DNA sequence: CACTTGACCTGTCCGC
DNA sequence: TGCGGACAGGTCAAGT
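In this note's numbering, the protein residues as written are 31 to 321.
This is how it looks when you write it as structure tokens:
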């Protein structure tokens, strides 16, 4: 479930590892994972070198010196794991540190981008994710980027803008509004539940019925939770790992997510799991009473 | 247009 | 032990 903090953690890692690396070969498992025509791959990817690694919303952008960008969405189970050839030989058959995933490629590997002295593995158990090679100047014109909302940790994202944009979804529940990427970018199921608990708002409350004071609190909680999660290297519930194949530790700081039947860290009431906006949803019934 | 639901996939877990 | 079904949840298409 890579959300903003997970994708940002991968970006940070790749930004230290990839610049100036020259692509020597690419292999793909399914067209769905990497749909570009072989002729484009040969012209714009093989022989190109990486100039920058960026993130917008939950999308990873690997810029190349050919004027093309590898646009990557990890969706739910995607991983981008870098291994230098030395490390791969040394750790390929498993590593004493069990936070590292095992030898690569494995059965979830969909794309391998090879460099002169390293490989980048795109693994994706459920095949929902993808990598697309797109001209850099056209990236911002992709439908998703034209519609996506502001970055919640950018200075431009003020509490006023947050409250204005929520009004697009005033008749739906607050959790569905937070998950709507056109309202704001980067929130998924984990950080929706965590920030709503922080602001003491029940996820099924209609946006128009949430008092302004609570929305202001929610704005603060979203930024707090996302920043903390980035600091902890993201959340590993099951599949997520960073660019080095290591897990994130936010889950051990989570207050409600995946903590059903455990005590609320604020009041001790037993946390419950329900379904809101079609998603598994975790709340404290005392801190977040339903209206 | 606003909003909800189902589809896309595979692996895991639970009940029979 | 095996087997069917529910569940995991980001995004888009299709439906109301």
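Cβ atoms here follow ideal geometry from the backbone N, Cα and C, with glycine treated the same way. No experiment lies behind these values; they were computed from the predicted model shown.
Let me confirm a value: residue i is counted as buried when at least 16 other C-beta atoms fall within 10 Å, else exposed. Which label applies?
i: residue 102; result: buried
i: residue 65; result: exposed
i: residue 321; result: exposed
i: residue 167; result: exposed
i: residue 156; result: exposed
i: residue 41; result: buried
i: residue 179; result: buried
i: residue 97; result: exposed
i: residue 85; result: buried
i: residue 153; result: buried
i: residue 138; result: buried
i: residue 266; result: buried
i: residue 251; result: buried
By the three-class DSSP mapping on this structure, what secondary structure does residue i have?
i: residue 303; result: strand
i: residue 244; result: helix
i: residue 210; result: coil
i: residue 290; result: coil
i: residue 283; result: helix
i: residue 183; result: coil
i: residue 266; result: coil
i: residue 144; result: strand
i: residue 222; result: helix
i: residue 271; result: coil
i: residue 50; result: coil
i: residue 154; result: strand
i: residue 139; result: strand
I'd like the span of the beta strand (DSSP E) that includes residue i, first residue to last.
i: residue 64; result: First-last for residue 64: undefined, no H or E at that position.
i: residue 229; result: That residue, residue 229, is in no beta strand (DSSP E); it is neither H nor E in DSSP.
i: residue 109; result: 108–114
i: residue 310; result: 309–313
i: residue 82; result: 80–86
i: residue 93; result: 89–94
Between which two residues does the alpha helix (DSSP H) harbouring residue i extend?
i: residue 190; result: 189–196
i: residue 45; result: 34–47
i: residue 173; result: 173–177
Do the CB positions of residue i and residue j come within less than 8 Å of each other?
i: residue 192; j: residue 254; result: no
i: residue 114; j: residue 148; result: yes
i: residue 283; j: residue 262; result: yes
i: residue 89; j: residue 151; result: no
i: residue 278; j: residue 36; result: yes
i: residue 100; j: residue 81; result: no
i: residue 313; j: residue 241; result: no
i: residue 214; j: residue 182; result: yes
i: residue 210; j: residue 141; result: no
i: residue 91; j: residue 169; result: yes
i: residue 205; j: residue 306; result: yes
i: residue 38; j: residue 260; result: yes
i: residue 247; j: residue 229; result: yes
With respect to 7 Å, is the separation between the Cβ of residue i and the closest non-hydrogen atom of the ligand GDP below this value?
i: residue 138; result: Looking at this structure, you won't find the ligand GDP or any other ligand, since it has none at all.
Does the region 199–217 come close enough to the region 156–172 that 3 or more CB-CB pairs lie under 8 Å?
no
Closer than 8 Å is the cut-off here; do at least three beta carbon pairs connect the region 38–58 with the region 299–313?
no
Spell out a yes or no on whether the region 266–278 and the region 39–49 are touching, meaning 3 or more CB-CB pairs, one atom from each, closer than 8 Å.
yes
Report yes or no: do three or more beta-carbon pairs, one from the region 66–77 and one from the region 301–316, lie closer than 8 Å?
no
If you pair each beta-carbon of the region 215–222 with each one of the region 255–266, do three or more pairs fall below 8 Å?
Touching, yes.
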